[in-house]
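Working notes for the structure below.
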Amino acid sequence: MLFDGNTALDIERQANTALKYIEEWGAKNKLRFAPHKTCAMTMTRKLKYDNPRLTMGGVDIALSKQVKILGLHIDEKLTFNKHVGIQTSKALDIFKQISRAAKINWGLHPEIIRLIYTAAVEPVILYAASAWAPAADKIGVQKLLNSVQRGFAQKLCKSYRTVSLHSALTLAGILPLDLRIQEAAALYETKRGSPLPELGDRETESKVGFAETPHPALHMDIIFERLEDQSLVDRHNVQEVRIFTDGSKIEGKVGAALSVWKGESEIRNQKFSLSAYCTVYQAELLAICKATGGILKGRERSYGLYSDSMAALETVANHGSLHPLAVESREHLRKALTQGKDVSLYWIKAHAGLQGNERADELAKEAALASKKKPDYDRCPVSYAKKSIRNRRNKKKKKKKKKKKKT
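Mapped onto the UniProt record's numbering, the consecutive letters of the sequence shown carry residue numbers 1 to 407.
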C-alpha cells in the first residue's frame, strides 16, 4: 500500500485507517494477518522528518530502510544501489554455475559465453528495469554495471585485461548495460501505450488482455494439415470454397491478399495494405483474419483456408497466443462453427507452382506496391519499436560524444 502526505501525521492517519479496515475485513473472513512480519518504509527528500507511527491490531509495524517487492529492492532514497548490487552479483553467480556445466560438455569459447551472457546474465540485470531505469544515469551505478560487463566483453573478443571497456564492447558487438536498461524501460512504456515520436499517434501492437479473451470452455481445437505438393492439394479439394491467403513485403512496402476459389476458377479477391513498418508475419495474420471474417458472411457450408505461413497458422492454432489478429481469427472460426460451417486449415509450400497460392502472392505484391489509400492495418510491431528506440539512443550517444570532443 502507498500513502502520501505533507506531514508524518497525515500519512499516519491514512495508513492506520486502511490497516484497521484490513484487520476488520480479515476478521470477517476468518483471516489473521501478522503485523510483526509487516514492515513499512518512509520515502522523502527531506533531511529532517518525523516517522509515522503505524499500528495494526495494537502491534507496532516496524520501519525499514528498504523493502523487497517482487524481487525489486527499493530503498528509502530511491537510489536502487542495493538492487543493482544484488542483481549484478546474482548474474555473476549464475554465469559461474552455467559455465561449469558448459565447460565440461562444449568448452567456453566466445560463442558459448555470448549465449550465456544474452540468455542468462543480461536478463537478470535488466529485471524490473522500467522501475529503476533513471538510476542507470548515475555514475556509481554505471561503474557497477561496467565492472560486470567489462569481463564478459573481454572474454568475447579475447582481448588483454588492459583493453578499455568501450573498445571491448565495440569488438564484442554488445551494447553498454546502461543503454540496454534505458531501452528496456522505453520498450515497457511503449507496450503500455506511450506513443513513439517516430510513429506520431499510431499505436503499438499489444497483446489482447486475458480478460478480453473467450472463456476456456469456449475454446475449440484448431488444427491444420501440411500439403507439400499439388497432388495433396488436389486430394483435399473437397470443400465448396477454397481461400488462399498470402502476405508480402517488397520495396519497403507491405501488403496482404486473399483469393477465393470455387471449383477451378477464382470468384473474387481482396487486397489489403499495411504500413511500411509492418512485418510479413503481420500481413499473413491479417490475410487469415480477413479470410475467416469473410467465411462468417458466406452462405456455403464448407471452406478450405490455405496459407504458406507456418508461423501464422501456428499462432492462430495456439490459444495461448494473445496476438490481436490471432485472437480475432479464432473468434471468427468459433462463430463459423456455431453457424454449422466446416472450416479446414491447410499449410501449403510457398512458390511451389500451386495456382491459388501463386495468385494470392501476386495480389499481395500488388497490394503493397499499387495501394494509395490509407493502410488497412497500421499497428506498429514490437520489433520496429525496439529498432526505433535503439536508433534514438544511438543518436543521443553520438551527440554526447561530439559535445565532449568539442569541449
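Glycine included, C-beta positions come from ideal geometry on N, C-alpha and C.
If you draw a straight line from the C-alpha of residue i to the C-alpha of residue j, how long is it?
i, j, result
"L218", "R379", "28 Å"
"S248", "A367", "9 Å"
"E300", "G252", "38 Å"
"N16", "T88", "37 Å"
"A385", "K395", "15 Å"
"residue 422", "A283", "In the structure as shown, the chain starts at 1 and stops at 407, and residue 422 therefore has no counterpart that could be examined."
"L177", "E189", "18 Å"
"K349", "D308", "6 Å"
"S231", "G353", "12 Å"
"Y160", "F80", "32 Å"
"T170", "G140", "22 Å"
"E228", "A120", "39 Å"
"F224", "L108", "42 Å"
"S130", "G298", "47 Å"
"V241", "S206", "33 Å"
"A370", "W347", "27 Å"
"Q149", "K82", "18 Å"
"K143", "K65", "24 Å"
"T279", "E203", "15 Å"
"A256", "K271", "6 Å"
"A336", "L115", "45 Å"
"L199", "I288", "26 Å"
"A135", "N146", "14 Å"
"L70", "K372", "49 Å"
"A172", "F152", "9 Å"
"V208", "R192", "12 Å"
"W25", "A8", "26 Å"
"N237", "K365", "26 Å"
"L258", "L187", "33 Å"
"S243", "V382", "Just to set this straight, residue 243 is Ile in the shown sequence, not Ser. Using only the alpha carbons, I get a separation of about 29 Å."
"D201", "K158", "46 Å"
"M1", "K48", "24 Å"
"I222", "D234", "22 Å"
"G320", "P216", "10 Å"
"D10", "I181", "36 Å"
According to DSSP, is residue i helix, strand or coil?
i, result
"R379", "coil"
"M220", "coil"
"G58", "coil"
"K253", "strand"
"residue 439", "Given a span of 1 to 407 for the chain in the structure shown, any question on residue 439 remains unanswerable."
"residue 458", "There is no way to answer for residue 458, as the model of the chain reaches only from 1 to 407."
"L313", "helix"
"P52", "coil"
"K30", "coil"
"Y21", "helix"
"S321", "coil"
"K46", "coil"
"G293", "helix"
"H236", "coil"
Using alpha carbons as the reference points, say which of the options lies closest to residue i.
i, options, result
"C39", "H351, R45, R53, K28", "R53"
"G57", "H73, K48, A34, L70", "A34"
"F3", "M41, M310, K138", "M41"
"E122", "I94, I139, Y49", "I94"
"residue 428", "V343, A291, D342", "What the structure shows of the chain is the stretch from 1 to 407, and residue 428 is not part of that stretch, so it cannot be assessed."
"A62", "G173, K37, E12, S147", "K37"
"E358", "P375, G193, L345, T245", "T245"
"K46", "A211, T55, E76, I86", "E76"
"residue 408", "L363, N391, K30", "Here the chain comprises residues numbered 1 to 407, so residue 408 is not present and cannot be evaluated."
"L196", "I295, Y277, K262", "Y277"
"A91", "I69, I113, V124, V59", "V124"
"R393", "K103, M43, L179, R13", "L179"
"E23", "T7, T55, V67", "T55"
"L274", "T118, K374, H166", "K374"
"Q355", "E328, H319, V260", "V260"
"A185", "L126, C157, P214, A211", "L126"
"W132", "H73, E328, I174, Y49", "H73"
"N51", "K68, K138, R13, K20", "R13"
"L322", "A211, I11, V84, S167", "A211"
"S388", "T44, L19, Y117, E183", "E183"
"M220", "T338, S194, A312, S265", "T338"
Kindly identify the DSSP beta-bridge partner or partners of residue i.
i, result
"I69", "L72"
"F272", "A256"
"G304", "R242, S344"
"A40", "L63"
Taking 6 Å as the line, does the beta carbon of residue i fall inside it for any heavy atom of the ligand ADP?
i, result
"P216", "In terms of ligand content, the structure shown is empty, and the ligand ADP therefore cannot be addressed."
Whole runs of the alpha helix (DSSP H) within the region 340–404, excluding any shorter than 4 residues:
355–370
In chain order, which continuous runs of the alpha helix (DSSP H) of length 4 or greater are located wholly inside the region 156–232?
165–172, 177–191
Please give the ranges of any alpha helix (DSSP H) in the region 71–151, keeping only runs that are unbroken, at least 4 residues long and fully inside the region.
81–105, 110–116, 122–125, 129–132
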